[in-house]
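Line by line, the protein sequences are chains L and Y.
First residue of the first sequence? That's 2 in our numbering, and the numbers climb one at a time after it.
First residue of the second sequence? That's 4 in our numbering, and the numbers climb one at a time after it.
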Amino acid sequence: MFGPKVKISKDLMEKIKKYSALAGYSSPDEFVLHALEKEIAKLEEAGSDEEIKKKLQGLGYIS
Amino acid sequence: MRRSVGRFAFLLPAALVLLAASPAEAYIGPGAGFAFLSSFFVLFVTFLLAIATILIWPIRLLIRLARRKGKLAKTDVDRVIIVGYDGLDPKLARRWMDEGKLPNFKRLAEKGEFRPLDSSWPSMSPVAWSSFATSSDASRHSQYDFLSRDPKTYIPDLASVKIVNPTRRIKLGKYRIPLGKPVVRLLQRSIPFWKILGEHGIFSQIIRVPITFPPQKFNGAVLSAMCVPDLAGTQGTFTFFTTDTEGAKAATGGVRKPVARNGNIVEAFVPGPANSMTEGQEELRVPVRIVIDEANESATLHLPDETFRLRLREFSPWKRVTFKPGLGVRVNGIVRFCVLSIRPHFELYLTPTQIDPDKPAMPISEPLFYSVYLAKLLGPYSTLGLAEDTWALNERVLDEELFLEQVWLNHEERERMFFNAVDQTKRGLVACVFDCTDRIQHMFWRYFDENHPANRGKDTVRFKHAIENLYVRADELLGRIMKTCDDPRTVLMVMSDHGFTEFSRGINLNSWLALNGYMAMKNGDKTCKDWFQGVDWSKTRAYSFGLTGIYINKSGREGQGIVDPKEALALKREIAAKLSGLRDEERGKTAVNDAIVAEDLYTGPYLDASPDILPAFNTGYRISWESAVGKADGKVFTDNTKSWSGDHCVDPRLVPGVLFCNRRLARKNPAIVDIGASVLDLFGIERPRHMTGRSFFRAAPEEDSAGSVPRGAANG
């Protein structure tokens with residue numbers, strides 16, 4: 002309710018609603034989130050190699 | 004104006020409380036740091052929320068009743084109880100039902116239905132349970148494996164959880180205080196069907212369904228499971244103390260710690276999280292002094308706040324430990340001890356140090372107090388996602404007997420949680436997943452085949468009936484469940500996410516790619532080390548990691564991609580065609596029944612996260628341990644000699660799960676994606692358009708519309 006808000010024009014919102022359903026998203030919010038995340042991922046730096054490997058330790062399926 | 008006054012009224016007592024605060028609780032993320040979260044502050048906010056909840060309760064009740072009136076009144080269902088037995092196999096269930104060993108499963112099947120349940124593609128727990136939760140295939144919930152990767156760096160990560168640590172810190176003497184708390188995000192997409200139920204005023208209790216961590220807000224209660232980390236931030240790291248320094252070696256999934264014995268005294272410790280409040284981030288520890296009593300084959304363990312005695316090879320109850328990183332911060336954990344040997348060497352096993360559900364260092368339930376409530380009611384319980392220590396058995400730190408004991412100790416806790424939820428639920432949904440079926444089948448499958456390579460040097464007799472006993476015990480639990488659910492307005496479903504089969508041969512896809520010219524190494528060799536160390540990406544067109552498949556090294560997507568996106572599909576088809584029908588000449592068997600290109604399987608919005616090629620392995624074969632961690636060792640096929648001797652990461656059509664239901668189904672071929680849609684249907688709620696699942700209580704217009712497993716996509 003008090004989270005960050007982004008303004009989107011009405012016609013763009015209508016398109017988001019229409020195409021999010023067609024694409025198989027569960028909601029327009031999920032569509033917007035995915036679109037933004039894909040763009041952010043191109044810019045974001047990767048985490049530490051060792052830190053990530055440690056997180057996976059103990060996962061039964063891999064050694 | 005009133006709002007401002009309210010805010011100040013909130014701040015004043017909060018400030019007073021904070022000034023008088025006693026030791027604070029810490030909030031940690033897996034492998035992340037601490038952030039201050041005063042227990043008093045939490046209590047104060049909780050108190051305010053409680054008052055607000057009481058004040059608006061009549062309004063919420065009216066809204067809920069109004070919603071229910073239009074929905075539940077039209078149905079003949081009050082409760083839906085879903086019992087998930089992870090990995091319960093339909094062939095084994097049928098066999099032992101026919102032999103009269105599973106009378107309750109048989110009774111349920113005769114009363115309603117027993118059918119194989121199509122699994123997800125791939126047939127792996129995080130994928131299948133995500134399909135269960137969202138009634139969607141992987142391309143709509145974005146879970147394809149335990150692992151995902153950063154295409155820019157080829158570094159793996161957990162597919163279901165993203166952790167972002169606070170980057171800003173302030174220096175305070177020797178401490179580095181993080182500003183803010185770690186952000187832990189669930190990466191599963193789409194919407195769980197219980198959230199939709201909640202929006203219609205139907206309350207659910209969701210207990211230990213995989214891939215529910217971090218827990219998400221909805222009108223109901225959820226206790227997280229698979230992928231909940233231990234306090235060290237790993238997926239479960241046991242500790243093994245031994246006075247045998249000669250035999251000591253590194254252990255997968257655990258840490259071996261050599262200790263000295265002085266007379267009858269051994270000094271050990273319980274490992275905790277790294278202290279992210281200090282520059283060195285040293286491991287936090289709680290000391291344990293052990294006094295050995297050789298004559299009575301026992302030991303007395305002294306923790307800072309508790310002393311207890313343990314007989315040899317006896318698991319302790321959960322013991323609470325408190326780590327103190329400094330500045331009054333406390334991190335609470337629980338751990339079980341087991342003395343494995345007293346002579347010739349003293350050996351002590353510690354479970355991974357787990358989040359204390361009574362004082363959780365990070366949320367493992369929604370609402371937050373649900374885990375606390377269960378701990379107060381039922382006592383401490385295991386909280387780790389994969390709490391059965393399969394690596395301790397693989398590494399032969401625990402033997403079969405102790406592993407089974409650990410599994411059943413965990414299972415008993417979950418039974419108590421489940422029956423408590425069922426007792427409380429007069430209307431709504433209870434879904435609970437029991438892991439014992441998966442873990443025991445993984446670790447004891449070798450007993451079915453005396454020629455299994457994992458049998459070398461191990462017992463093949465004593466626990467020959469462990470899996471049969473598991474099914475009998477699951478049946479006995481089902482008998483007790485049926486007694487509590489024996490009314491016509493309760494729908495009972497017993498289901499599994501996949502079945503099981505043998506895992507005797509590993510396939511190294513990276514070796515195969517290297518030998519077939521798709522992967523190149525810097526030294527011109529055909530081998531590379533873990534996580535692609537030594538790979539020449541400038542000449543590599545495809546690579547593999549995890550348990551699902553092969554990725555194209557695509558330009559514009561991968562950091563050092565070389566395959567033109569326009570040529571990627573043709574390359575996928577070329578590799579898939581070459582891999583299909585791959586033979587293991589040493590065994591004279593077909594190892595890969597088929598290899599499927601992602602575009603032929605999926606149509607959802609997260610197709611881009613899928614492996615590009617998904618091999619459908621024959622029974623007995625799985626991606627090898629080495630290949631899963633991005634290693635190529637020059638050999639395509641190797642024997643699997645680990646105790647982890649059964650698996651389900653094969654062609655999903657070979658390992659369907661089960662569905663037992665006390666009502667008849669209208670369709671012959673139910674799939675795991677159908678369950679959410681079916682539960683919505685039972686409560687009179689229309690299926691949202693994004694779901695690929697269909698209610699199996701209604702005849703489908705087209706028989707093949709529901710399953711996540713493509714029918715006819717492969718040769719079968």
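Beta carbons: idealized from backbone N, C-alpha and C, even for Gly.
These figures come from a predicted structure and were not determined experimentally.
Compare the Cα-Cα distances from Y:A364 to each of Y:T393, Y:D392 and Y:R333 and report the closest residue.
Counting from 1 along the second sequence, the entry for residue 364 of chain Y is found at position 361. That would be Y:R333, whose Cα lies nearest to the Cα of Y:A364.
Nearest by alpha-carbon distance to Y:A162: which of Y:K184, Y:V658 and Y:R188 is it?
On the second sequence, position 159 is the one that residue 162 of chain Y refers to. Residue Y:R188 is the option with its Cα nearest to Y:A162.
Buried versus exposed, by CB contacts within 10 Å (16 or more), Y:T237:
Counting from one through the second sequence, the residue named residue 237 of chain Y turns up at place 234. So Y:T237 counts as buried.
Inside the region 91-162 of chain Y only - alpha helix (DSSP H) runs reaching at least 4 residues
93-101, 106-114, 128-137 and 141-144
Reducing DSSP to helix, strand and coil, say where Y:P568 ends up.
In the second sequence, residue 568 of chain Y corresponds to position 565, counting from 1. In the structure shown, Y:P568 sits in a helix (DSSP, three-state: H, G or I).
Can you find the residues in the same chain that come closer than 6 Å, C-beta to C-beta, to Y:A224, ignoring five residues on each side of it along the sequence?
Along the second sequence, one-based indexing puts residue 224 of chain Y at 221. Cβ within range, chain order: Q208 and Y373.
The region 324-339 of chain Y / the region 352-372 of chain Y touching (three or more Cβ pairs under 8 Å):
yes
Per DSSP, what are the beta-bridge partners of Y:P274 in this structure?
Along the second sequence, read from residue 1 onward, the residue named residue 274 of chain Y stands at position 271. Beta-bridge pairing links Y:P274 to Y:R288.
Closer than 8 Å at the beta carbon, the chain L residues around Y:P691:
Residue numbering aside, residue 691 of chain Y sits at position 688 when the second sequence is read from its first letter. Under the 8 Å cutoff, chain L gives S27.
Is there a Cβ from chain L that is less than 8 Å from the Cβ of Y:S193?
Start at 1 with the first residue of the second sequence, and residue 193 of chain Y comes out as number 190. For Y:S193, the answer is yes, since a Cβ of chain L falls inside 8 Å of its Cβ.
Taking the straight line between their C-alpha atoms, what separation do you get for Y:F466 and Y:E453?
Residue numbering aside, residue 466 of chain Y sits at position 463 when the second sequence is read from its first letter. Residue numbering aside, residue 453 of chain Y sits at position 450 when the second sequence is read from its first letter. Roughly 12 Å between the two C-alpha positions.
If the cut is a Cβ gap below 9 Å, which residues of chain L does Y:R666 touch?
On the second sequence, position 663 is the one that residue 666 of chain Y refers to. Going along chain L, no residue has its Cβ under 9 Å from Y:R666, so there is no contact; the nearest lies around 27 Å.
Give every residue of the same chain whose Cβ lies closer than 8 Å to the Cβ of Y:D160, excluding the five residues on either side of it in the sequence, and list them in chain order.
As a first step, residue 160 of chain Y is located in the second sequence; it is residue number 157 there, counting from the start. Correct list, in chain order: L150, S151, R152 and D153.
CB contact below 8 Å: L:K11 versus chain Y
In the first sequence, the residue the question calls residue 11 of chain L occupies position 10. Answer no: the Cβ-Cβ gap between L:K11 and chain Y never drops below 8 Å.
Can you round the beta-carbon distance between Y:G637 and Y:S514 to whole angstroms, since I take them to be within the 8 Å contact cut?
Along the second sequence, one-based indexing puts residue 637 of chain Y at 634. Along the second sequence, one-based indexing puts residue 514 of chain Y at 511. Contact flag correct, Cβ pair sits at about 6 Å.
Check whether Y:G431 and Y:I205 have beta carbons under 8 Å apart
The residue labelled residue 431 of chain Y in the question sits at position 428 within the second sequence. The residue labelled residue 205 of chain Y in the question sits at position 202 within the second sequence. Contact: yes.
Does DSSP put L:M14 in a helix, a strand or coil?
The count along the first sequence starts at 1 and reaches residue 14 of chain L at position 13. Of the three classes helix, strand and coil, the one that applies to L:M14 here is helix, per DSSP.
For a contact defined as C-beta to C-beta under 9 Å, what are the partners of L:K56 on chain Y?
Position 55 of the first sequence, counting from 1, holds the residue named residue 56 of chain L. Those within 9 Å of L:K56 in chain Y are P33, G34, D160, L161, V164, I166, P232, G236, T237 and Q238.
Residue nearest to Y:R316 in terms of C-alpha spacing, selected from Y:L407, Y:A545, Y:Q357 and Y:N519:
The sequence position of residue 316 of chain Y within the second sequence is 313, counting from 1. For Y:R316, the nearest C-alpha among the options comes from Y:L407.
Beta-ladder partner(s) of Y:E505, from DSSP:
Locating residue 505 of chain Y in the second sequence gives position 502, where the first residue counts as 1. In DSSP, Y:E505 forms a bridge with Y:G649.
So is L:E31 in contact with chain Y if we call contact Cβ pairs under 8 Å?
Within the first sequence, the letter at position 30 stands for residue 31 of chain L. At least one chain Y Cβ lies under 8 Å of L:E31.
Within chain L, partners of Y:A124 - CB distance below 7 Å:
Against the second sequence, residue 124 of chain Y aligns to sequence position 121. The identity of residue 124 of chain Y in the sequence shown is Trp, whereas the question assumes Ala. By Cβ distance, chain L contributes nothing, its closest Cβ being about 16 Å from Y:W124, past 7 Å.
With distances taken Cα to Cα, identify the nearest neighbour of Y:F663 among Y:T310, Y:K671 and Y:L657.
Counting from 1 along the second sequence, the entry for residue 663 of chain Y is found at position 660. Comparing Cα-Cα distances from Y:F663 to each of Y:T310, Y:K671 and Y:L657, the minimum goes to Y:K671.
By the three-class DSSP mapping on this structure, what secondary structure does Y:S541 have?
Counted from its first residue, the second sequence places residue 541 of chain Y at position 538. Of the three classes helix, strand and coil, the one that applies to Y:S541 here is helix, per DSSP.
Compare the Cα-Cα distances from Y:C531 to each of Y:K327, Y:D500 and Y:A631 and report the closest residue.
Taking the second sequence and counting its residues from 1, the one referred to as residue 531 of chain Y is at position 528. Minimum Cα distance to Y:C531 is reached at Y:A631.
List the DSSP bridge partners of Y:M496.
In the second sequence, counting from the first residue as 1, residue 496 of chain Y sits at position 493. For Y:M496, which the question treats as bridged, DSSP gives the partners Y:I85 and Y:C664.
Residues of chain L with CB closer than 8 Å to the CB of Y:T463, please, in chain order.
Within the second sequence, numbered from 1, the residue matching residue 463 of chain Y stands at position 460. Simply none; closest approach about 22 Å.
Does the region 597-608 of chain Y come close enough to the region 479-494 of chain Y to have 3 or more Cβ pairs within less than 8 Å?
no
Y:V164 by DSSP, collapsed to three states: which one?
Position 161 of the second sequence, counted from the start, is the residue given in the question as residue 164 of chain Y. It is a strand residue.
Which bits of chain L does Y:R143 rub up against, with CB to CB less than 7 Å?
By one-based count along the second sequence, residue 143 of chain Y stands at place 140. Within chain L, the residues near Y:R143 are G25.
Which two residues bound the contiguous alpha helix (DSSP H) that contains Y:I484?
Within the second sequence, residue 484 of chain Y is the residue found at index 481, counting from 1. A469 to T487 is the span of the alpha helix (DSSP H), which, as asked, contains Y:I484.
Strictly under 8 Å for the Cβ-Cβ distance: is L:K6 near chain Y by that measure?
Working through the first sequence from its first residue, we reach residue 6 of chain L at position 5. No, L:K6 lies away from the interface with chain Y (no Cβ there is under 8 Å from its Cβ).
Within its chain, find whatever has a CB closer than 7 Å to the CB of Y:I54; leave out the 5 residues flanking it on each side and keep chain order.
For the purposes of this step, residue 54 of chain Y is identified with residue 51 of the second sequence, where counting begins at 1. Closer than 7 Å at Cβ, skipping near neighbours: no residue.
Could you give the DSSP three-state label for Y:L610: helix, strand or coil?
Here residue 610 of chain Y corresponds to residue number 607 of the second sequence, with the count starting at 1. Note: Y:L610 maps to helix in three-state DSSP.
Got a sec: is the Cβ-Cβ distance from Y:W540 to anything in chain L below 8 Å?
As a working note, residue 540 of chain Y is residue 537 in the second sequence. Y:W540 does not count as touching chain L.
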